[in-house]
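Trainee: Quick note, the sequence shown lines up with residues 17 to 433 if you use my numbering.
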Amino acid sequence: MASISPQLLGLKKSFGYGDRLGLATRGHLEVNNKYDFAPIFAQQSIREMSRTGRTPADVMKAAVDALKAANYQGAWGADADHLKTENDVAPTSTAGFTFYTIDPSEFVNDQADAQPFGTLMAAVEELYSEGVFTTLDWDDRFLGEKFAAGGTVYRFDRETLYRAAGKYARALAHCEKMAAAIASANGYGGYEIEISVDETASPTSPLEHLFIALELKRRGIRIVSLAPRFIGEFEKGIDYRGDLEEFETTLKQHVAIAERYGPYKISVHSGSDKFSIYPILGRVCGNLLHVKTAGTSYLEALRTVFRVNPGLFREILEYCGERFAEDRRSYHISTTDEEIREALKKSGSGSERLFFEERPVRQLLHVTFGSVLSEGRNAAGRPFREALLETLEKHSAEHRQALEAHFDRHLGALSQG
Ligand SMILES: [Zn+2]
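1. Which same chain residues end up closer than 6 Å to Trp-15 when comparing Cβ atoms and leaving out the 5 residues on each side of it in sequence?
2. Taking DSSP as the reference, what is the three-state secondary structure of Ala-395?
3. Beta-carbon within less than 6 Å of His-415's beta-carbon, same chain only, minus the 5 sequence neighbours each way: which residues are those?
4. Just to confirm, is the Cβ distance from Tyr-178 to Leu-223 under 7 Å?
5. Taking just the CA atoms, how far does Ser-241 sit from Leu-305?
6. The beta strand (DSSP E) that contains Asp-97, what's its start and end?
7. Phe-246 and Phe-263 look like a contact to me (Cβ under 8 Å); what is the Cβ gap, rounded to whole Å?
8. Consult DSSP for His-306 and reduce its assignment to one of helix, strand or coil.
9. What number of angstroms, rounded off, separates the C-alpha of Val-213 from the C-alpha of Tyr-335?
10. Near Met-17, which residues of its chain fall below 6 Å by C-beta distance, leaving aside the five closest residues on each side in sequence?
11. Identify the continuous beta strand (DSSP E) that holds Phe-57 and give its terminal residues.
12. Classify Gly-167 as buried or exposed, calling it buried when 16 or more other Cβ atoms lie within 10 Å of its own Cβ.
13. Nearest by alpha-carbon distance to Ala-40: which of Thr-71, Ile-282 and Asp-81 is it?
14. Determine the contact status of Tyr-116 and Ala-96, defining contact as a CB-CB distance below 7 Å.
15. From what residue to what residue does the beta strand (DSSP E) around Glu-208 run?
16. Tell me whether Ser-218, by its Cβ, gets closer than 6 Å to a heavy atom of ligand 1.
17. When you compare only the Cα positions, how much space is there between Ala-274 and Lys-268?
18. Classify Gly-147 as buried or exposed, calling it buried when 16 or more other Cβ atoms lie within 10 Å of its own Cβ.
19. Please report the Cβ distance between Glu-210 and Ala-243, rounded to the nearest whole angstrom; I am assuming they are in contact, meaning their Cβ atoms lie under 8 Å.
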C-alpha cells in the first residue's frame, strides 16, 4: 500500500481543519476536494491534546486512516499547532508532523504599546544585556533605513523601533530556539514553520510586522506563514467584529510585507465563522493565505448529535452549563454567565438555531470541549466521549454532511475574492 504521509505545502493557499474527535477528516476531505486550497488535515495544539487526552500519534493516525480509507492521493499537511516550549517539539516530530506552529506569546510584551519611553528604554537596555540584541548593529540596521513594501515606505524612528523591539524581540529570540529544536528533531529538513502571535492583547501593526520579518531574516529563521494579531475581534465561533475597511487596509500592508520580506503566507487563526472577512482574505492574499480553524468541527459533531440523538445532546448541554464559569476563563469570548442561564432555560425545547447559530450557546459549547471530552459523564456514569464517538460512528453520513455544509460556506466565501 502506498504510504500516505503529510507533505510540505509551501506557498500555496491552505486551510487547516482541526479535528478534536478524530472522526472529521472524511468530511473535511469531501469539501476540500471541491476547492483549490492545500489542506492540513492533522492539526492540534498541545493544549488541545492534553484537554482531549490525545497524543500526537493519535491525531496523526486519525487523519491517515481516514485518508487511506478514501484512497486520497493529494498533498496534505500536518500542523503541530501552538508549540510553546522546546519540549513540545520531539513528540510531534516523532509522530510525523511536518508543519510546526511556534507560539512565543508568553514572551510578547503587550505593555510596550503604552509604556512611557523611559520605561521602554530600560526594557530595551535589558534586551542588550541579555544578548537579544548587540548594540552595534541596532542603529545601522533600522534607523535611517527605508523599507518599501506594496507602495508604502516604512521607516523606524527610535521610539517606534523601541516599541516594536520591546514588544517582540524577546519572543523572536525564543522563536530562534524553537526553530533550532524543530530543525534538529527533523534532521534539518522536511518541515515548515509558522510563527503565531495572534493570541496577544494588542494588534500587530504593519511596522511591527516589518520588525518581525527583518529580525527573522537576521536570525536565519525561515517561515512559511506568520499569524499576526489583526485589528478587530476574532472571538471563537462567531463572525469577525471590527471595521472591514480598516481590516482590508492593514491586511494589504501585512501581505505586502510578507511578500517582500519573506515570502511567506499570512495565517488567520480562530479562522472559523469569520464570514464577513473571507472575501477580503481571498481577494487580498491570493496564494499567501493560511486559514486555521479548530473548534468549529467539534461543533458540527455536536450538531449531528443534536439531530440524531437529541437526548445525549441535552445531557451534554446541561453539563456544559455547569462548566461554563470555569471553562470560559482561558478563552477570549464575550458571552456572559447571565446569557448562558437565559439560553439554557430553553434547553428542553431549543432549536438547532438557538444552539448552533446564536452566539451564547455556540460559545458555551466551544469553550467546554475539554471538560466534555475528558471528564464529562452522563447520568449513568458513561463518559460523554464514548457516547459521542459511538453516535457519530453510527451516523457517519450525517456527520460528514454537516461538516461539508459548514465548510462549504467557509471555502466558498474565501474563494469569492
Ligand atoms: Zn492561534
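Beta carbons: idealized from backbone N, C-alpha and C, even for Gly.
Mentor: By the coordinates alone:
1. Since the displayed the chain opens at 17 and closes at 433, residue 15 lies outside it and no answer follows.
2. Residue mapping note: residue 395 aligns to position 379 of the sequence shown, counting from 1. Coil, per DSSP.
3. Locating residue 415 in the sequence shown gives position 399, where the first residue counts as 1. Only Thr-320 and Leu-408 meet the Cβ criterion.
4. Sequence index remark: in the sequence shown, residue 178 carries index 162 (1-based). Sequence index remark: in the sequence shown, residue 223 carries index 207 (1-based). Cβ distance not < 7 Å, so Tyr-178 and Leu-223 don't count as in contact.
5. Along the sequence shown, one-based indexing puts residue 305 at 289. Along the sequence shown, one-based indexing puts residue 241 at 225. Using only the alpha carbons, I get a separation of about 8 Å.
6. As a first step, residue 97 must be located in the sequence shown, where it is residue number 81. It spans 93 to 99 - the beta strand (DSSP E) in which Asp-97 sits, taken as one unbroken run.
7. Taking the first residue of the sequence shown as 1, we reach residue 246 at position 230. Taking the first residue of the sequence shown as 1, we reach residue 263 at position 247. Between Phe-263 and Phe-246 the Cβ distance is about 7 Å, and since that is below 8 Å, they are a contact.
8. Within the sequence shown, residue 306 is the residue found at index 290, counting from 1. Here His-306 sits in strand by DSSP.
9. As a working mapping, residue 213 is identified with position 197 in the sequence shown. As a working mapping, residue 335 is identified with position 319 in the sequence shown. Taking the straight line joining both Cα atoms gives about 33 Å.
10. Your numbering for residue 17 matches position 1 in the sequence shown. Confidence at Met-17 is low in this model, with a pLDDT of 43, below 50, so its placement is unreliable and no value can be given for it.
11. Sequence index remark: in the sequence shown, residue 57 carries index 41 (1-based). Phe-57 -> beta strand (DSSP E) spans 54 to 61.
12. What you label residue 167 is simply residue 151 of the sequence shown in a count that begins at 1. The residue is exposed, with fewer than 16 neighbouring Cβ atoms inside 10 Å.
13. One-based indexing of the sequence shown puts residue 40 at position 24. Answer by Cα proximity: Asp-81.
14. In the sequence shown, counting from the first residue as 1, residue 116 sits at position 100. In the sequence shown, counting from the first residue as 1, residue 96 sits at position 80. Cβ distance < 7 Å, so Tyr-116 and Ala-96 count as in contact.
15. Numbered from 1 along the sequence shown, position 192 holds the residue referred to as residue 208. Here the beta strand (DSSP E) through Glu-208 covers 208 to 212.
16. Within the sequence shown, the letter at position 202 stands for residue 218. Outside the cutoff, so no.
17. As a first step, residue 274 must be located in the sequence shown, where it is residue number 258. As a first step, residue 268 must be located in the sequence shown, where it is residue number 252. Cα-Cα distance, rounded: 10 Å.
18. Counting from 1 along the sequence shown, the entry for residue 147 is found at position 131. So Gly-147 ends up on the exposed side.
19. Reading the sequence shown from its first residue, position 194 is the one you call residue 210. Reading the sequence shown from its first residue, position 227 is the one you call residue 243. Rounded, the Cβ-Cβ distance is 7 Å, consistent with contact.
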